[in-house]
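Structure first, then comments.
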Amino acid sequence: MSISPFLSVNCPCDEALRWTKKQLSRADLHAVQTFDLHTARAGLHHCPCPNHGMEDCDCQMVILLVYGDAESPATIFLHGNDGQTWFSIADEPRQRVDAKLLAGIKQALDAPISVPQSA
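With the working numbering applied, the sequence shown covers 95 to 213.
So this is what it looks like as structure tokens:
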């Protein structure tokens with residue numbers, strides 16, 4: 095599977111996720127969250143982070159299915175680490191992303207990101 099980042103933002107994944115959902119909604123695209131690493135790890139004790147070991151960290155991965163007018167959704171991965179978030183879209187021969195949907199997603203997320211910092 096080809097997964098290469100197309101966008102990087104300087105904010106934690108949770109904040110980037112809220113911004114992403116808002117931007118996609120404004121573009122008449124519907125995002126459905128299908129995976130959250132924090133939730134998946136919640137029931138596991140002594141599950142070390144590959145980057146930080148057993149220390150608390152902000153590593154996160156979220157997977158969204160994004161629906162537009164196309165028959166099939168696009169799969170977006172948000173991967174966050176150390177206050178930075180990278181966005182990738184899954185694109186492989188068995189799961190080709192509709193060109194119009196891909197353009198709509200990238201256009202929706204092209205706006206400069208301004209996420210209020212948590213106090």
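Here a beta-carbon is modelled for each residue, glycine too, at the ideal position from N, C-alpha and C.
When DSSP states are grouped into helix, strand and coil, E186 belongs to the strand group.
Per DSSP, D152 lies in no beta strand (DSSP E) and is assigned neither H nor E. Excluding five sequence positions before and after C107, the CB atoms of its chain that fall closer than 6 Å to its own CB belong to Q154, L172, G174, T179, given in chain order. Assignment of G198 by DSSP, reduced to helix, strand and coil, places it in the helix class.
For P187, same chain residues with a beta-carbon under 8 Å away, outside a window of 5 residues either side, do not exist.
Residue state for A125 is assigned as strand, using DSSP reduced to three classes.
By the neighbour-count definition (other C-beta atoms within 10 Å, threshold 16), T169 is a buried residue.
Taking the C-beta atoms as reference points, S166 is found no nearer than 9 Å to F100.
When C-alpha distances from L159 are compared across V103, S98, V191, E109, the shortest belongs to V191.
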